[in-house]
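One structure below.
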Amino acid sequence: MSPRLLPRFSFLERVVHWVVGVTFVVLLLTGLAFSYPSLFWLTMFVGGGPAARVLHPQVGALFGVGLLVMFLLWVKDMFLDALDKQWLGAVKHYAMHERDKVPPAGKYNAGQKMFFWLQSLLGVLFVVTGLLLWFPEYFGAGLLNTARLLHYVGALGGALLLIVHVYLGTVAYPGTARSMIDGKVTEAWARHHHPRWSGDRADG
Amino acid sequence: MPDTLAIKRISATPSAMIPLSSLRSSGPVYSKLVDISKCIGCKGCEVACKEWNDLKVEQTANFGSYQSHKDLSSNTWLLMRFNEVAVGDDDVDWLIKKDACLHCEDPGCLFACPAPGAIVQYQNGIVDFNQDQCIGCQYCVSGCPFDIPRFDKETKTVAKCNMCIDRVEAGLEPACVKTCPTNAIQWGLKEDMLALAEKKVETMQRRGFEHAALYNPGGVGGTHMMYVVPHGDRLEDYSLPAHPVASPMPLSGLNVLQRVGSYLLGFGVLGALGHLLAFGQESAEDSEGPGA
Ligand code: HEM
Ligand code: SF4
Ligand code: SF4
Numbered sequence: 070m071s072p073r074l075l076p077r078f079s080f081l082e083r084v085v086h087w088v089v090g091v092t093f094v095v096l097l098l099t100g101l102a103f104s105y106p107s108l109f110w111l112t113m114f115v116g117g118g119p120a121a122r123v124l125h126p127q128v129g130a131l132f133g134v135g136l137l138v139m140f141l142l143w144v145k146d147m148f149l150d151a152l153d154k155q156w157l158g159a160v161k162h163y164a165m166h167e168r169d170k171v172p173p174a175g176k177y178n179a180g181q182k183m184f185f186w187l188q189s190l191l192g193v194l195f196v197v198t199g200l201l202l203w204f205p206e207y208f209g210a211g212l213l214n215t216a217r218l219l220h221y222v223g224a225l226g227g228a229l230l231l232i233v234h235v236y237l238g239t240v241a242y243p244g245t246a247r248s249m250i251d252g253k254v255t256e257a258w259a260r261h262h263h264p265r266w267s268g269d270r271a272d273g
Numbered sequence: 266m267p268d269t270l271a272i273k274r275i276s277a278t279p280s281a282m283i284p285l286s287s288l289r290s291s292g293p294v295y296s297k298l299v300d301i302s303k304c305i306g307c308k309g310c311e312v313a314c315k316e317w318n319d320l321k322v323e324q325t326a327n328f329g330s331y332q333s334h335k336d337l338s339s340n341t342w343l344l345m346r347f348n349e350v351a352v353g354d355d356d357v358d359w360l361i362k363k364d365a366c367l368h369c370e371d372p373g374c375l376f377a378c379p380a381p382g383a384i385v386q387y388q389n390g391i392v393d394f395n396q397d398q399c400i401g402c403q404y405c406v407s408g409c410p411f412d413i414p415r416f417d418k419e420t421k422t423v424a425k426c427n428m429c430i431d432r433v434e435a436g437l438e439p440a441c442v443k444t445c446p447t448n449a450i451q452w453g454l455k456e457d458m459l460a461l462a463e464k465k466v467e468t469m470q471r472r473g474f475e476h477a478a479l480y481n482p483g484g485v486g487g488t489h490m491m492y493v494v495p496h497g498d499r500l501e502d503y504s505l506p507a508h509p510v511a512s513p514m515p516l517s518g519l520n521v522l523q524r525v526g527s528y529l530l531g532f533g534v535l536g537a538l539g540h541l542l543a544f545g546q547e548s549a550e551d552s553e554g555p556g557a
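If you read the sequences in order, they're chains A and B.
The first sequence begins at 70 in our numbering and counts up by one.
The second sequence begins at 266 in our numbering and counts up by one.
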């Protein structure tokens with residue numbers, strides 16, 4: 070008998086998420102190539118250095134639009150409630166897979182909500198500093214060099230967050246990744262990871 | 266004697282990160298010396314530069330100055346800037362600046378460039394751009410303390426004075442030097458030019474220009490185009506920054522941060538792997554189906 074499935078992400082949500090995901094990875098790889106001479110060869114994947122320089126900001130614009138749509142789609146579920154604040158205090162147990170000591174999560178746990186807010190904030194930083202660097206002829210050297218520094222800080226933060234995000238979404242919790250593929254999760258997965266949400270779903 | 270064009274530094278390679286002066290130098294090191302007090306403003310050097318380097322002519326317009334163009338461009342590598350400045354109580358002077366790449370010993374442009382090989386510094390002091398390696402990011406423009414490189418919207422690369430590297434390689438002086446009718450621009454071994462500059466400064470001071478000075482700023486390790494200026498206390502009026510620095514704060518901070526960042530990213534990936542090994546996967550212990 071196949072397990073009962075709950076719908077978790079709509080087609081639109083999945084498309085938008087993967088626009089953001091794929092563009093971010095392209096941006097990360099080309100951006101790393103500009104930051105680290107030893108990784109400059111990564112530009113080969115998009116046709117060489119000059120092509121990478123042309124594509125990076127264009128892909129960045131798409132990323133910015135995708136992130137904005139994602140923000141609008143999901144922000145209503147992303148505010149922290151009282152149990153979420155307790156969740157944050159118990160994050161150590163969450164990390165050690167002691168789920169019985171972690172307050173139950175809703176559609177998203179507090180870590181996911183924080184990830185959402187941080188990535189949205191970094192998105193603003195990327196877009197602002199990226200626009201300066203895209204059109205340098207209109208700005209002074211000091212401002213541009215500061216933008217380079219901040220753009221890198223954002224990229225570093227975003228990349229570190231992404232490592233955690235991908236690890237948790239794919240390897241650490243089997244059954245999660247399919248929510249972003251066919252949009253469904255098993256009822257057992259929902260009960261285990263998002264008990265307050267699974268309750269809504271099953272009963273309502 | 267022809268030069269061998271031995272390379273000193275290449276952008277976006279380890280040679281671009283070695284602190285100055287610790288690099289070994291061999292062979293002759295050259296410099297231009299511009300004696301601004303001798304310039305008669307004829308702009309012969311500008312024409313010679315265009316001719317030798319085969320640079321496109323740009324339409325000029327009168328904007329109320331004797332200056333030929335308003336600014337440098339990817340096709341104008343040399344511009345005599347006619348700065349009109351009040352001197353003393355009732356006198357006006359042209360504090361002319363030969364605006365072109367200074368060929369810094371520590372080139373901020375090269376340090377800022379992310380494209381391997383797009384900027385090369387030779388042992389003889391010349392800093393040259395290789396347009397075929399350039400990705401058009403213009404980081405060199407904001408990395409240059411003298412605002413020299415210019416972006417070409419058509420080729421999407423940057424350009425600047427190359428010190429007539431093809432002439433120097435053949436044992437000739439740069440075209441502007443060759444042309445200058447008053448010897449206001451001279452060319453030779455850097456040590457000889459330094460000695461000559463010292464004499465010029467002394468002469469000027471004897472003649473009443475007590476602030477006469479040599480411009481060879483230490484913040485960029487010295488330059489391979491040096492100036493002797495009669496009013497050394499008014500560098501800004503010559504459009505010469507008083508304290509240029511090769512890699513100033515946001516950029517030096519970025520360099521450190523990038524190094525730290527590479528470790529953080531590595532540890533991030535290792536950390537996720539370590540977590541997996543230490544704690545394993547957490548599945549939803551369901552009885553309802555496999556792999557869920
Ligand atoms: C490229 C690799 C990526 C993978 C494999 C991935 C995977 C996933 C998965 C499986 C989920 C569903 C989690 C759940 O059902 O609870 C998810 C959700 C989400 N993703 Fe991604 N994602 C990636 C990139 C990104 C990027 C680059 C961003 C933003 C900059 C992002 C933002 C989000 C957000 C905000 C959510 C909802 C909240 C959360 O689950 O944390 N993702 N992702
Ligand atoms: S003056 Fe500017 S372009 Fe010329 S070598 Fe120095 S930093 Fe580079
Ligand atoms: S514009 Fe070209 S030369 Fe200048 S920093 Fe970018 S890649 Fe290097």
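Cβ coordinates follow ideal geometry from the N, Cα and C atoms, glycine included.
All values derive from a computational prediction rather than experimental measurement.
Specify the secondary structure class of A:V88 as computed by DSSP and reduced to three states.
Here residue 88 of chain A refers to the residue found at position 19 when the first sequence is read from its first residue. Three-state DSSP puts A:V88 in a helix.
State buried or exposed for B:N389, treating a residue as buried only when at least 16 other CB atoms are found within 10 Å of its CB.
Locating residue 389 of chain B in the second sequence gives position 124, where the first residue counts as 1. Burial call: buried.
Suppose you measure from the CA of B:L505 to the CA of B:G484; what does that come to, to the nearest Å?
Counted from its first residue, the second sequence places residue 505 of chain B at position 240. Counted from its first residue, the second sequence places residue 484 of chain B at position 219. B:L505 and B:G484: Cα-Cα distance of roughly 13 Å.
Going by CA-CA distance only, name the one from B:K362, B:I301, B:G292 and B:C402 that's closest to A:P119.
Your numbering for residue 119 of chain A matches position 50 in the first sequence. Checking every option, the nearest Cα to that of A:P119 belongs to B:C402.
Under the DSSP definition of a beta bridge, which residues are partnered with A:K253?
As a first step, residue 253 of chain A is located in the first sequence; it is residue number 184 there, counting from the start. According to DSSP, A:K253 bridges with A:P76.
Keeping to the same chain, check which residues put their C-beta closer than 8 Å to that of A:L131; ignore five residues upstream and five downstream.
As a working mapping, residue 131 of chain A is identified with position 62 in the first sequence. Answer for A:L131: V88 and T92, listed in chain order.
Name the chain B residues that come within less than 7 Å of A:R122, Cβ to Cβ?
Residue 122 of chain A sits at position 53 when you count from the first residue of the first sequence. The answer, in chain order, is I400, G401 and C402.
Along the alpha helix (DSSP H) that carries B:L437, what are the first and last residues, could you check?
As a working note, residue 437 of chain B is residue 172 in the second sequence. First-last for B:L437: undefined, no H or E at that position.
Does any C-beta atom of chain B lie closer than 9 Å to the C-beta of A:G129?
Looking up residue 129 of chain A in the first sequence gives position 60. No, A:G129 lies away from the interface with chain B (no Cβ there is under 9 Å from its Cβ).
Spatial neighbours of B:R499 within its chain, please: C-beta separation below 8 Å, excluding the five flanking residues on both sides.
Here residue 499 of chain B is taken as the residue at index 234 of the second sequence, counted from 1. Closer than 8 Å at the Cβ level, and outside the excluded window around B:R499, lie V350, L360 and H476.
Taking Cβ positions only, does A:L98 come closer than 9 Å to chain E?
Absent from the structure is chain E; the protein chains it does hold are A and B.
Got a sec: which bits of the region 503-529 of chain B sit with their beta carbon under 9 Å from any beta carbon on chain A, in order along the chain?
P513, M514, P515, L516, G518, L519, L522, Q523, V525, G526, S527 and L529
Between B:Y295, B:R432, B:P279 and B:A277, which lies nearest to B:W452 when the distance is taken from Cα to Cα?
Indexing the second sequence from 1 puts residue 452 of chain B at position 187. If we check each option's Cα against that of B:W452, B:Y295 comes out closest.
Would you identify the three-state DSSP class for B:A478, choosing helix, strand or coil?
Mapped onto the second sequence, residue 478 of chain B falls at position 213. It is a strand residue.
How about B:C366: is its Cβ closer than 8 Å to a heavy atom in ligand 2?
In the second sequence, counting from the first residue as 1, residue 366 of chain B sits at position 101. Yes, the Cβ of B:C366 comes within 8 Å of a heavy atom of ligand 2.
Taking 8 Å as the cut-off, is the C-beta of B:T488 nearer than that to any heavy atom in ligand 2?
Numbered from 1 along the second sequence, position 223 holds the residue referred to as residue 488 of chain B. Checking the Cβ of B:T488 against ligand 2 gives yes.
Proximity test, Cβ basis, 9 Å: A:G244 and chain B:
As a first step, residue 244 of chain A is located in the first sequence; it is residue number 175 there, counting from the start. By this cut-off, A:G244 is an interface position.
Please report whether the beta-carbon of B:S296 lies at a distance below 9 Å from any beta-carbon of chain A.
By one-based count along the second sequence, residue 296 of chain B stands at place 31. Taking Cβ atoms only, chain A never reaches closer than 9 Å to B:S296, which makes this a no.
Look up A:K154 in the DSSP assignment and say whether it is helix, strand or coil.
Residue 154 of chain A sits at position 85 when you count from the first residue of the first sequence. Here A:K154 sits in helix by DSSP.
For B:C314, which three-state DSSP category applies?
For the purposes of this step, residue 314 of chain B is identified with residue 49 of the second sequence, where counting begins at 1. Helix at B:C314.
Run through the region 296-372 of chain B for me and flag every whole beta strand (DSSP E) of 3 or more residues, listed as ranges in chain order.
344-352 and 356-364
Helix, strand or coil for B:T447? Go by DSSP, reduced to three states.
Residue numbering aside, residue 447 of chain B sits at position 182 when the second sequence is read from its first letter. Three-state result, B:T447: coil.
Can you tell me whether B:I430 is helix, strand or coil according to DSSP?
Your numbering for residue 430 of chain B matches position 165 in the second sequence. The answer is helix: DSSP assigns B:I430 an H, G or I state.
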